[in-house]
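Here the structure comes first, spelled out in structure tokens, and everything after it is commentary.
Protein chains: 2
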Amino acid sequence: MIDFEYLPEVVQSSSTKIVMVVVDGLGGMKDPSVGKTELQMANLPNLDLLTTQSSCGVSVPVLPGITPGSGPGHMALFGYDPVKYLLGRGVLEGFGIGAEIGTNDVAARGNFCTLKDDGNILDRRANRIVSNQSVELVDLLNDIQVDGVNINVLPVIDYRFVLVINGPGLSPKISETDPQLIGVPIPKCFAKDEGASFTASVVNEFTDKAKKLLQKTNLGANGILLRGFSGVPNLPNFCDSYRLNAAAIASYPMYKGIAELIGMKNLGTPSNFKEEIAVLKANYDSHDFFFVHYKPADSAGEDGNFLQKVASLEEFDESLKEIIKMSPDVLVVCGDHSTPSYINSHSWHAVPFLINSKYGDAYIDAFDELSCLKGSLGRIKGEELMLLVMAHADKLTKFGP
Amino acid sequence: MIDFEYLPEVVQSSSTKIVMVVVDGLGGMKDPSVGKTELQMANLPNLDLLTTQSSCGVSVPVLPGITPGSGPGHMALFGYDPVKYLLGRGVLEGFGIGAEIGTNDVAARGNFCTLKDDGNILDRRANRIVSNQSVELVDLLNDIQVDGVNINVLPVIDYRFVLVINGPGLSPKISETDPQLIGVPIPKCFAKDEGASFTASVVNEFTDKAKKLLQKTNLGANGILLRGFSGVPNLPNFCDSYRLNAAAIASYPMYKGIAELIGMKNLGTPSNFKEEIAVLKANYDSHDFFFVHYKPADSAGEDGNFLQKVASLEEFDESLKEIIKMSPDVLVVCGDHSTPSYINSHSWHAVPFLINSKYGDAYIDAFDELSCLKGSLGRIKGEELMLLVMAHADKLTKFGP
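From first to last, the protein sequence lines are chains A and B. Numbered according to this note's numbering, the first sequence terminates at residue 625, and the numbering increases by one at each position without gaps. Numbered according to this note's numbering, the second sequence terminates at residue 625, and the numbering increases by one at each position without gaps.
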């Protein structure tokens, strides 16, 4: 949670309802060949109108120049110091697929891979083996026994899986076995901390046994690569901290995982934003805070497709009408990080946001990176956003006499 | 003091004179029915002219979204971390009325109240009993004896008083006896800390004796409510920290209290801003830093009176001419927090400020929330303002070789 020790004393209950829509990879930058950012190019009548009635600004997820992953980006939006509360990939992906990960367990993200006869890595993704095949491989891995621990392997999508190691004396302070390179052997796992050598030996034994087992099959993979070893951190509960009955509506596993980890209730199993909005409608009366996640803008940005990102933003703008109709007391549109199509990956750029409420202090009339920088809230740290959202919802009282 | 350990090494004496005018509740927000903020609506020829010769910006007193009380708002302006150096209400109001509060004493803000026959609170303010009456009641309370401590009760205004408990072994870590509710009995005081049980028992004994004593009178109150138990924190001295011979000129008790607490000398007993300016003139040669407090803008904002706040700002602008004529080397106009009349209370909105000196770096030509956001100093933390003021006064030397 944000470093403000008096937060519990200033948070107050109120009858207002907050809908926070996180547009993944919302921000961009000018594509030099176009002279505009994706938001500037897009036709966004609903967002632009909202902007004229909202307090606007841009948020810096971690630090200027630092490009956040989805984890830190979202943690900051929810008011958590993204550095102090860094979440490991294993835990995040595990929670996202509903894995049970205890507070003493260690989780990792796994890839099925292909190895050449000499043991060197040929393909880190096993020729992008599809889910049908990998589910069978996961079954095989679940037969592996390692003394002193219980092993649980869960399929994610295609060549991806999650490994959860359960047992006493485990530590996530171990090195990764995915070298993120090809043409080299699978590296041995080693302990980074004194207390982690048992865990490293478990990982090495598991990896060796997996290789032997997979090599006997004809299912398209003959090795595994593990990364993102992590445990469940001790996180303040979002609902308790802000006195909210908070729900999450997301289609992708990782965002559900983050939401669950901080104590939000995941609603429904929507598979796209339209279905997410239907879930929001169906549950609108049951919660006072909704985190709704929109993914396509990030995907288009990562593909380096300027026009596709523009289209995904326009599609979002159109869908937003349905949420505006529900008239939440506070409607927030924000992003976990920027994903400029010009860079075709996450980036460090500050992310525009708007907070629409009866306290909307509107200075601008277009929703884009440059306009929002001139908004009434200027440039803030990502983790400060929730304070502003709470203030706009009449949920914070005065600090100090 | 601001978290900059090298401050003592960069502060230097110089012959320049600083006048810092704090306009209480200076900032506002757009009233949607008007489309402008109070500052934007007001006719402010002197402030606007100053702006064209000043370095301008907006200050965030505590954190974005956090609404500060007067204490944190002023502490930030004087360069103190407003969270680390949070002042209790009892101490603040006590100093403001000239109470002597030693470093081991405990002070509280008290209300005279009325209780029904069943002991439940009927009116937390005793029908807003006026000062004439409450002075008599205060005299009665001063007759109460509690073993092991000395009790001093001082009248504030109307139904308000300050209680100062003096003696060995006291601690302010006790619960309040003002439930901020009616229809319930006066809560017992209890210790929040191991070392505070004696103090809690003193408060309970005092409250019981006060009830019995007041019930014998016909002076309009038959109980007392206590809150804001606090001791005098160990604060860095403002004059020593900045090598200034600083004076405060204020009409209201709380602001005098804060000034005295950090080591400023309170000058005169002005009862309005015109008299404050006269005090400034009379003492102009004797100090090199003046904190001058203007209250009416906050009062109008708290009353939710847009036009009254506009009028109070215009009145301030007119009075400011007298200060400009004195030609201080550095003239600062700033605010402890915003008080938008639309919200009719303190708010979280950033507060415009200007620093006029020969180093004025002017980018804008109007003094309001939006313009100042575009000023050369942008958006700063409130506690950073003093550094900028000192820099504009040639009172800071280079940091590091």
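Don't be surprised by glycine CBs; every beta carbon is placed ideally from N, CA and C.
- Counting along the chain, A:CYS413 sits inside no alpha helix (DSSP H), nor does DSSP assign it H or E at all.
- B:PHE385: member of the beta strand (DSSP E) spanning 384-390, first to last residue.
- At least 8 Å separates the CB of B:SER600 from every CB of chain A.
- Among the CB atoms of chain A, none fall inside 8 Å of the CB of B:PRO576.
- Given a length threshold of 4 residues, each whole run of the alpha helix (DSSP H) inside the region 455-493 of chain A is given here in chain order: 462-466, 477-485.
- When CB distances to chain B are screened at a threshold of 9 Å, not a single residue of the region 491-516 of chain A falls below it.
- Annotation: the continuous alpha helix (DSSP H) that includes A:ARG313 extends over 313-320.
- Bounds of any beta strand (DSSP E) do not take in B:ASP272; it lies within the alpha helix (DSSP H) bounded by 269-275.
- Not one beta carbon of chain B lies nearer than 8 Å to the beta carbon of A:GLY455.
- The beta carbon of A:VAL408 lies closer than 7 Å to those of ASN344, ILE345 in the same chain, with the five residues before and after it left out.
- Of the residues assessed, A:GLN369 falls on the exposed side of the cut-off, its CB having fewer than 16 other CB atoms within 10 angstroms.
- At a C-beta separation below 9 Å, B:LYS254 has these neighbours in chain A: GLY584, ASP585, ALA586, TYR587, SER600.
- Cβ-Cβ distances below 8 Å link A:MET253 to THR261, SER562, PRO564, TYR566, ILE567, SER571, HIS573, GLU593 in the same chain, with the five nearest sequence neighbours on each side left out; the list follows chain order.
- Ranked by how close their Cα comes to the Cα of B:PRO396, the residues B:GLN404, B:ASP464, B:LEU387 have B:LEU387 in first place.
- Around the beta carbon of B:ASP417, a 10 Å sphere encloses fewer than 16 other beta carbons of the protein chains shown; the residue is thus reported as exposed.
- Under the Cβ distance rule, B:VAL388 does not count among the residues neighbouring chain A, no pair being separated by less than 8 Å.
- Boundaries of the beta strand (DSSP E) harbouring A:ASN374: 374-379, taken from the DSSP string.
- Beta-bridge annotation (DSSP): A:ALA332 is paired with A:LEU387.
- If the five residues before and after A:ASP347 are omitted, its C-beta is found closer than 8 Å to the C-beta atoms of CYS337, THR338, ILE406, all from its own chain and listed in chain order.
- In the three-state reduction of the DSSP assignment, B:LEU450 falls in the strand class.
- The three-state secondary structure of B:SER595, taken from DSSP, is helix.
- Taking 8 Å as the threshold, the shortest C-beta distance from B:PRO396 to chain A does not fall below it.
- Counting along the chain, B:LYS436 sits inside the alpha helix (DSSP H) bounded by residues 421-439.
- The three-state reading of DSSP puts B:GLY303 in coil, since its state is none of H, G, I, E or B.
- Taking a C-beta distance under 8 Å as the contact criterion, A:ILE398 and A:GLY447 do not qualify as a contact pair.
- Listed along chain A, the residues sitting closer than 9 Å to B:SER294 by beta-carbon distance are GLY624, PRO625.
- Of all residues in the region 237-269 of chain A, none places a beta-carbon less than 7 Å from a beta-carbon of chain B.
- Taking 4 residues as the shortest admissible run, the region 505-574 of chain B contains the following complete alpha helix (DSSP H) segments, listed from N- to C-terminal end: 520-526, 530-549.
- For B:HIS298, the CB contacts under 8 Å within the same chain, skipping 5 residues up- and downstream, are VAL246, TYR479, ILE482, ASP560 in chain order.
- Residues of chain B whose Cβ lies closer than 9 Å to the Cβ of A:MET299 do not exist; the shortest such Cβ separation is about 17 Å.
- Within chain B, the C-beta atoms nearer than 8 Å to that of A:GLU608 come from LEU287, PRO288, GLY289, in chain order.
- Here DSSP, grouped into helix, strand and coil, assigns B:PRO288 to coil.
- Distance check between A:GLN532 and each of A:ASN335, A:SER595, A:LEU250, A:VAL330 places A:LEU250 closest, using alpha-carbon atoms only.
- Of all residues in the region 398-415 of chain B, none is placed with a Cβ closer than 8 Å to any Cβ belonging to chain A.
- Rounded to the nearest whole angstrom, the CA to CA distance from A:LEU609 to A:ASP248 is 16 Å.
- Per DSSP, the unbroken alpha helix (DSSP H) holding B:LEU611 starts and ends at 609-616.
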